[in-house]
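**Q** With our numbering, letter number 317 in the sequence shown gets 313, and the count goes up by one each step, no holes.
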Amino acid sequence: METKYIFVTGGVVSSLGKGIISSSLACLLKARGYRVTIQKFDPYINIDPGTLNPYEHGECYVTADGHEADLDLGHYERFTNVPTTKANNVTTGRIYRNVIEKERRGDYLGKTVQIIPHITDEIKHNVKLLGKTGNYDFIITEIGGTVGDIESLPYLEAVRQLRWESGNDACCIHLTYVPYLHAAKELKTKPTQHSVKQLQEAGIQPDVLVLRTEKEIPADMRGKIARFCNVAPEAVVQSVDTPSIYQVPVNMHSQHLDEIVMRTLGLAPEGEPDMQAWMDFLTRLYDAEEEVTIGLVGKYVELQDAYKSINESLFQAATYNDRKLNLRYIHSEKLTEQDADMKLGGLDGVIIAPGFGQRGIEGKFVALKWCREHDVPTFGICLGMQCMVIEFARNVLGLADANSTEMDHNTPHNVIDLMEEQKSVTDMGGTMRLGAYDCVLRPGSRSAMAYGSERVSERHRHRFEFNNSYRQAFENAGMKCVGENPDTHLVEVVELPDQRWYIGTQYHPEYSSTVLSPNPIFVDFVKAAVAYGKERAGSDSAKN
Ligand code: GLN
């Protein structure tokens, strides 16, 4: 079949969840047997989000091919189980860079280079790149930002042209917000009407409207919106807040979003999507009664999106352990030895978060020492793993002032040090060790058992690394370097086998955990946390 293009735009306000709606539609089309991918076009000038701090744009996600990407790509993978690549995330910065490079090469043969047609043609070219591989039946393109933003205009113009050129092979879904005014006790449709009008001014007629709302929108109100916006009544779909984002595909299907989109694209839907495995996941999610309490120690705890992939991986792992996730954020800047008992006592497991720089680092050492001494299941990710190594060096190997050269350039014991290949790097953007690398796990190690395999591939994003000249000292003292890269011998996983569950990974397993294929190391960590919780409950009741 011809590749079909679905564009998803948003209006009224940002943060409506275009990524979740795009992912849910992709999930349904995939469950109908189609090959689907989702791409995100972001209207900012950064070449990629790798140089943005989490306060600006939440977590930076990393694809297997080493692209620092928008966090929505994480949702795409979690909902579809289909890996994304650099081609799935394009920014205005990349578009302009390509055009300017072409101009310098002389490709435009003396023409004046302009937003229309040169920037819009470059956007169109990039929209179609994945389609041209022949690997996909559907390409869903999410346009970042909100209709009406100055910076989104070239994207809307490109979408307008593509729809015009593609006839039946392209359609547009527009997401808006229907607010509920408590004082008037009323849902309000006017912002949606305005938003659609604005889209129409750009020459785009939406085929489907998805209305985000906190309350059910009555059918007559949806009919009114349909009339005002030139959209078929059945193509006005509501997306009411749900207890879990993983419920959204089911809610979209119950309103026939997948069928409506297929018909718009000239396809006849047959039968039902096969959502069995997904529904099994939801059943476990809703059936779980007991909790598992995990503490996340990091410095961005006030930001909902800063540790998005870790949160989702833990949530999936808890569900597969038939537990509700009770996630407690512990601010690493505020954690001291004096309040460690109060803040860490009662946790079934602790995660030490990834990160950069000195701020909040001492709190991570406090947490790690406390967890090691109390034998609490502990999982260090990237900087968290590096902190495990440093804390062990200071308090067990007796190497006072051991550190990472990231935090202290002149440390006498650089147990974590800049990687050799990083020493000549001067630019910050896209220059870390990025993407998936193989890791060989020691037979019999807890990690190898968790994965059920002695060779795994996981994604990285770092410049600093375990210093191999200290390896023997760590091994002798009980911290085992159980995972290493087979080519470079970089240490990727450390463990304390004497503890219940104490593992640090230099890589980020959270980037490869999906609803239908949860990452085994997260599942095993939560399993250990559940067991530890039961053990404590058992000893408490024995005392009473
Ligand atoms: N700052 C550390 C490094 O660059 C860890 C990075 C991370 O946690 N992603 O190696």
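Cβ coordinates follow ideal geometry from the N, Cα and C atoms, glycine included.
Hey, out of Ser148, Leu299, Asp318, whose CA is closest to Ala527's CA?
**A** Of the candidates Ser148, Leu299, Asp318, the one whose C-alpha sits nearest the C-alpha of Ala527 is Asp318.
**Q** Just tell me which of Val227, Val244, Ala228, His190 has its CA closest to the CA of Ser235.
**A** Closest by alpha carbon: Val244.
**Q** Just the Cα atoms here: how many angstroms apart are Ile135 and Thr33?
**A** The alpha-carbon atoms of Ile135 and Thr33 are separated by roughly 5 Å.
**Q** Please report the residue range of the alpha helix (DSSP H) in which Gln31 lies.
**A** The residue asked about is misnamed: residue 31 is Arg in this sequence, not Gln. That residue, Arg31, is in no alpha helix (DSSP H); it is neither H nor E in DSSP.
**Q** Can you tell which of Arg156, Lys14, Pro214 has the C-alpha that lies nearest to the C-alpha of Pro543?
**A** What is shown of the chain runs -3 to 540, which leaves residue 543 out entirely.
**Q** Run the CB neighbour count on Arg451, radius 10 Å, all protein chains shown included, and call it buried at 16 or more, exposed below.
**A** Label assigned to Arg451: exposed.
**Q** Taking 6 Å as the limit between beta carbons, can you name the residues of its chain near Asn94, skipping five residues before and five after?
**A** Once the five neighbours on either side are set aside, the close Cβ partners of Asn94 are Glu118.
**Q** Considering only their Cβ atoms, is the gap separating Glu97 from Val109 smaller than 8 Å?
**A** No. Outside cutoff.
**Q** Does the distance between the C-beta of Gln459 and the nearest non-hydrogen atom of the ligand GLN fall short of 7 Å?
**A** The amino acid at residue 459 is misidentified as Gln; the sequence shows Arg. Result yes, Cβ under 7 Å from the ligand GLN.
**Q** Using a Cβ distance threshold of 8 Å, determine whether the region 290 to 309 contacts the region 500 to 515, with at least three qualifying pairs required.
**A** The region 290 to 309 is in contact with the region 500 to 515.
**Q** Mind checking Met176: buried by the 16 CB within 10 Å criterion, or exposed?
**A** The question names Met, yet the displayed sequence has Tyr at residue 176. Its Cβ having fewer than 16 others within 10 Å, Tyr176 is exposed.
**Q** Helix, strand or coil, according to DSSP, for Gln196 in the structure here?
**A** Note: Gln196 maps to helix in three-state DSSP.
**Q** Measuring only the C-alpha atoms, how far is Met217 from Lys186?
**A** So the alpha carbons of these two residues sit roughly 11 Å apart.
**Q** Report the residue ranges of all beta strand (DSSP E) runs contained in full by the region 261 to 344; include only those spanning at least 3 residues, in chain order.
**A** Entirely contained in the region 261 to 344, the beta strand (DSSP E) runs reaching 3 residues are, in chain order, 287 to 294, 320 to 327.
**Q** Along the chain, where does the beta strand (DSSP E) that runs through Tyr92 open and close?
**A** Run containing Tyr92: none in the beta strand (DSSP E); it sits in the alpha helix (DSSP H), 88 to 101.
**Q** Helix, strand or coil for Phe352 per DSSP?
**A** Three-state result, Phe352: coil.
**Q** Can you tell me whether Thr51 is buried or exposed, with buried defined as 16 or more other CB within 10 angstroms of its CB?
**A** Rather than Thr, the amino acid found at residue 51 in this sequence is Tyr. By the 10 Å Cβ count, Tyr51 comes out exposed.
**Q** May I have the straight-line CA-CA distance separating Arg442 from Pro493, to the nearest angstrom?
**A** Rounded to whole angstroms, Arg442 to Pro493 spans 7 Å at the Cα level.
**Q** Are the CB atoms of Val227 and Leu205 nearer to each other than 8 Å?
**A** Yes, these two residues count as a Cβ contact at 8 Å.
**Q** What distance in whole Å lies between the Cβ atoms of His456 and Arg438, which are believed to be in contact at a cut-off of 8 Å?
**A** Actually they do not touch by this definition, with Cβ atoms about 19 Å apart.
**Q** Is Phe375 near the ligand GLN, in the sense that its beta carbon is under 7 Å from a heavy atom of that ligand?
**A** Result no, Cβ not under 7 Å from the ligand GLN.
**Q** Say the cut is 7 Å; is the CB of Glu416 nearer than that to a heavy atom of the ligand GLN?
**A** False, no ligand heavy atom lies under 7 Å from that Cβ.
**Q** Can you grab the Cα-Cα spacing for the pair Ala222 / Ala231, in whole Å?
**A** Using only the alpha carbons, I get a separation of about 8 Å.
**Q** Counting only the same chain and skipping the five closest in sequence on each side, list residues whose C-beta sits under 6 Å from that of Met248.
**A** Same-chain partners within the cutoff: Ser20.
**Q** Work out the CA separation of Lys0 and Arg28 for me, nearest whole Å.
**A** When rounded, the distance between both Cα atoms is 15 Å.
**Q** Could you work out which residue in Asp237, Gly144, Ile213 is closest to Lys193 when comparing CA atoms only?
**A** Of Asp237, Gly144, Ile213, the residue nearest in Cα terms is Gly144.
**Q** Pair every Cβ in the region 349 to 361 with every Cβ in the region 383 to 396, then say whether three or more of these pairs are closer than 8 Å.
**A** Output reads yes: the region 383 to 396 touches the region 349 to 361.
**Q** Ignore the nearest five residues each way along the sequence and tell me which others in Lys304's own chain have a CB closer than 7 Å to its CB.
**A** Excluding residues within five positions, the ones whose Cβ falls inside 7 Å are Gly54, Glu55, Leu67, Gly70.
**Q** Using CA atoms only, rank isn't needed, just tell me which of Asp404, Phe352, Gly15, His405 is closest to Met381.
**A** When each option's Cα is compared against that of Met381, the closest is Phe352.
**Q** Looking only at its chain, what residues have a beta carbon closer than 6 Å to the beta carbon of Gly432, apart from the 5 residues adjacent to it on each side?
**A** Strictly speaking, residue 432 in this sequence is Ala, with Gly absent from that position. Around Ala432: Ala60, Ser453, Arg455.
**Q** Can you give me the Cβ contacts of Ala284 inside the same chain, cut-off strictly under 7 Å, excluding the 5 residues immediately before and after it?
**A** Result list for Ala284: Thr315, Asp318, Arg319, Lys320, in chain order.
**Q** I'd like the span of the alpha helix (DSSP H) that includes Arg156, first residue to last.
**A** Taken as a continuous stretch (DSSP letters only), the alpha helix (DSSP H) holding Arg156 covers 149 to 162.
**Q** Among residues of its own chain, excluding the 5 on either side of Gln291, which ones have a beta-carbon nearer than 6 Å to its beta-carbon?
**A** The sequence shown places Gly at residue 291, not Gln. For Gly291, where only same-chain residues beyond five positions count, the Cβ hits under 6 Å are Arg324, Ile326, Leu343, Val346.
**Q** Taking the Cβ atom as the reference point for each residue, do Val43 and Thr87 lie within a distance shorter than 8 Å?
**A** In the sequence as displayed, the identity of residue 43 is Ile instead of Val. In this structure, Thr87 lies closer than 8 Å to Ile43 by Cβ.
**Q** Does the separation of the CB atoms of Tyr282 and Arg368 fall below 8 Å?
**A** For Tyr282 and Arg368, no; Cβs fall outside 8 Å.
**Q** Report whether the distance from the Cβ of Glu55 to the nearest heavy atom of the ligand GLN is below 7 Å.
**A** Checking every heavy atom of the ligand GLN against the Cβ of Glu55, none is found closer than 7 Å.
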